[in-house]
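According to the numbering used here, the residues represented by the sequence shown are 7 to 515, in order.
A short write-up of the structure that comes next.
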Amino acid sequence: MTSSGSDAGGILIVGDSTVDWFIAEPVGVNHENIETSYVWTMTDGPGLSCISGGAALDYDVLSATAALSAAPISITGPIVPSEIRSNPSASSITRSFSSWKPHPRKTADKQLVWRMERFIGLHPAGELAPELDACMDGLRPACILIEDGNQFFRQDPNRWPAQIAESDAQIVVRQTGTLGGGQLYDYLIEHAADRTTLFCTVGDLRKEGAPIGQPLSWERTAQDVVTAVRMRRDLLAARRVVVGLSASGAVVVDRDGPDLLIYDPQSQEGDWERSRPGQQFGTGTMIIDTLAWEFAHHGAETDVRSAVCSGIETGRVLHDLGYDATPSQAGIQISFPVQRIAESILGGEDVDSEIQCVPVSLDTSWRIFDATSRGSFRESAEQIARFGVNRVANEIPLETMGHWSSVDRIEIESMRSVRNIISEYLASPGRARPLNLAVFGPPGSGKSFAIKQMASVIAPERHRLGSLEFNLSQFQDAADLPNALQQVRDLRLREFLPLVFWDEFDSAL
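Written out as structure tokens, the structure reads:
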């Protein structure tokens, strides 16, 4: 463990550390299409590299941020010894393994960036490296950042800093695995409940059975998350809980204040990274590091909303530009872009600035539109029709599928529900029967248009869509059906995905 700067103030980082091993796959090679005998002749092999993770990565990021700051502060935290970082078999630290490869910066872009292709697995530590422990006597931190990865740290009181109970430091703790439990969390609530900010992901809540549905609208997601957290007395014992929603937003559940939804109006949970291929990785780290940085500077007066927004934006920078990759004789070496991320935390990076914030209401009729728009639905629809979706106010959630757009919560939830059904159907192997959907609405309301736009966006690239329309009111008898079904079959034989509209199915015949 090491420290930069004065021992007074600053940030103390403790908790579970990891070593994350990266296998860099050779550029431009698709192993799925290469016979084994040819693979053995390839000389452009994979690279193996690693970065420190957990508390050790937090230390790297915040130390670099402090070094760039006009007013540096003390950063104290663990450093993983080089002998552990150079040995993939070291059992004294938790090790993760993942494969990495170049991906288009955005779908269909020619520019490539390095992102995770798939997570391979995790080896928990057999015992903790003694080098990661150090004396923290004499430190007077303004903020304590704790990585509780459900490993050794939460179970060993001898490793917890005395400053948790003996100082007025703000505390940021990230929990993975079991939430709201363990000796460490109980100790935090007993001695520092009013100073503790707990961070977790929505995925962790779902794994513990929280009734949080798939993203249909920002309103519903926010209400689900707030309700789920407020049902948990253990979580609500902390001063606040920040629930990460991938790179698109977060929900802040405040024990003593208003609950907040922090969101991208044009991208619900999972949408933003879906258009940027590769596994999304690191946004949670960016949020807790930014929170710790702001708490160290502003204490209890910290603008949590602004800090979480900044963390999400920095997480987007990390995913958008990818990790650093350096060629070497040992293959491509992947490294964390510490300098770039430090600049982003300080505001030196040209980051996304569309993240918005609104108080959450648990009223079932709550709409963000009502709280943020100066006009009516009709006026907003007119603006969209005349000038395009860019004329919609930045704070209003906007759902777009192809050339279809809406700002209405009910419409958005309905369309996303249908989209989820179609996506699940397309992803199911061996589909034995067609997917049948009934769409209701008056003539001219855009039923066929909306479905066609949705299908064009969500159909996998390997599917070419073929659209057919049959007006059942024009059919004379059942003998007209075979000809229609033959056209559907012909589309399939030509390797199109048939999208068939049966209009006027409520006709007399």
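By construction, the Cβ of each residue, glycine as well, lies at the ideal position given by its N, Cα and C atoms.
How should residue i be labelled, buried or exposed, when 16 other C-beta atoms within 10 angstroms of its C-beta is the threshold for buried?
i                 : result
tyrosine 431      : exposed
valine 259        : buried
aspartate 64      : buried
aspartate 309     : exposed
valine 463        : exposed
threonine 537     : Given a span of 7 to 515 for the chain in the structure shown, any question on residue 537 remains unanswerable.
glycine 21        : buried
threonine 320     : buried
alanine 433       : exposed
aspartate 369     : exposed
phenylalanine 125 : exposed
glycine 215       : exposed
aspartate 295     : buried
glutamine 493     : exposed
valine 445        : exposed
Closer than 7 angstroms by C-beta to residue i: which residues in its own chain qualify, once you throw out the five before and the five after it? Chain order, please.
i            : result
glutamate 52 : Per the sequence shown, the amino acid found at residue 52 is proline instead of glutamate. Answer for proline 52: Ile29, Ala30, Glu31, Pro32 and Gly337, listed in chain order.
serine 252   : Glu275, Gly276, Glu279, Gln286 and Thr289
If contacts are defined as beta-carbon pairs under 8 angstroms, then residue i and residue j qualify, I think. What distance do you get, rounded to the angstrom?
i              : j                 : result
arginine 422   : glutamate 401     : About 20 angstroms separates the two Cβ atoms, so there is no contact after all.
serine 478     : leucine 515       : Residue identity differs from the one stated: residue 478 is leucine in this sequence, not serine. Right, the Cβ-Cβ distance comes to about 7 angstroms (below 8 angstroms), so this counts as a contact.
cysteine 206   : valine 257        : Wrong, their Cβ atoms sit about 11 angstroms apart, outside the cutoff.
glycine 83     : alanine 61        : 6 angstroms
leucine 327    : alanine 313       : Not really, about 22 angstroms apart at Cβ, beyond 8 angstroms.
glycine 15     : alanine 306       : With a Cβ gap of about 14 angstroms, glycine 15 and alanine 306 do not count as contacting.
glycine 150    : proline 167       : Correcting the residue type first, residue 150 is isoleucine in the shown sequence and not glycine. Confirmed, Cβ separation roughly 6 angstroms.
tryptophan 410 : phenylalanine 455 : 7 angstroms
alanine 70     : valine 344        : 5 angstroms
alanine 148    : alanine 171       : Not really, about 16 angstroms apart at Cβ, beyond 8 angstroms.
aspartate 210  : threonine 182     : 6 angstroms
isoleucine 374 : tryptophan 299    : Between tryptophan 299 and isoleucine 374 the Cβ distance is about 29 angstroms, and since that is not below 8 angstroms, they are no contact.
Express the C-alpha separation of residue j and residue i in angstroms, rounding to a whole number.
i                 : j             : result
serine 273        : leucine 190   : 36 angstroms
isoleucine 347    : leucine 324   : 7 angstroms
glycine 219       : valine 231    : 9 angstroms
arginine 384      : aspartate 496 : 43 angstroms
isoleucine 85     : leucine 68    : 13 angstroms
glutamate 89      : serine 58     : 12 angstroms
alanine 96        : leucine 128   : 13 angstroms
valine 208        : serine 334    : 39 angstroms
serine 104        : glycine 255   : 25 angstroms
phenylalanine 511 : leucine 266   : 45 angstroms
glycine 381       : serine 23     : 51 angstroms
valine 179        : arginine 146  : 18 angstroms
arginine 498      : serine 513    : 28 angstroms
Under 6 angstroms Cβ to Cβ from residue i, same chain only, skipping five residues before and after it: list those, please.
i            : result
serine 55    : Phe28, Gln339 and Ile340
lysine 107   : Glu31 and Glu123
arginine 121 : His109, Gly284 and Gly328
alanine 331  : Trp120, Ile338 and Ile340
leucine 241  : Gly186, Val235 and Val247
glycine 354  : Because glycine 354 sits at a pLDDT of 48, beneath the cut-off of 50, its placement in the model cannot be relied upon, and the following sentence gives the value as read from the coordinates. Here the set comprises nothing.
proline 221  : Thr227, Gln274 and Glu275
cysteine 363 : Leu266, Ile268 and Arg311
Between which residues of its own chain and residue i is the CB-CB distance below 8 angstroms, once the five residues before and five after are set aside?
i             : result
asparagine 93 : none
arginine 470  : Glu501, Phe502 and Leu503
glycine 447   : Lys453
arginine 245  : Ala199, Asp200, Arg201, Thr202, Thr203, Asp260, Arg261 and Asp262
glutamate 3   : Nothing about residue 3 can be read from this structure; the chain reaches only from 7 to 515.
Closer than 9 angstroms, CB to CB, is residue i near chain C or not?
i             : result
glutamine 117 : Among the chains of the structure shown, chain C does not appear; only one protein chain is present.
Within 8 angstroms: the Cβ of residue i and any heavy atom of the ligand NAP?
i              : result
isoleucine 418 : Among the components modelled here there is no ligand, and therefore nothing to report on the ligand NAP.
Problem - beta strand (DSSP E) segments (min. 3 residues) lying fully within the stretch 375-412 - result: You should have 405-407 and 410-412.
Practice task
Run through the stretch 238-262 for me and flag every whole alpha helix (DSSP H) of 4 or more residues, listed as ranges in chain order.
Solution key: For the stretch 238-262, whole alpha helix (DSSP H) runs of length 4 or above, ordered along the chain, are 239-242.
Problem - Uninterrupted beta strand (DSSP E) stretches inside the stretch 57-95 (no shorter than 3 residues) - result: Segments of the beta strand (DSSP E) lying fully in the stretch 57-95: 81-83.
Practice task
Please specify which runs of the alpha helix (DSSP H), each continuous and at least 4 residues long, are wholly inside the stretch 443-502, giving them in chain order.
Solution key: Annotation note: the stretch 443-502 contains the following uninterrupted alpha helix (DSSP H) runs of length 4 or greater, listed N- to C-terminal: 453-464 and 487-499.
Handout entry: Length-filtered (3 minimum) beta strand (DSSP E) runs lying within the stretch 160-219
Key = Residue ranges of uninterrupted beta strand (DSSP E) with 3 or more members, entirely inside the stretch 160-219 and ordered along the chain, are 176-181 and 202-207.
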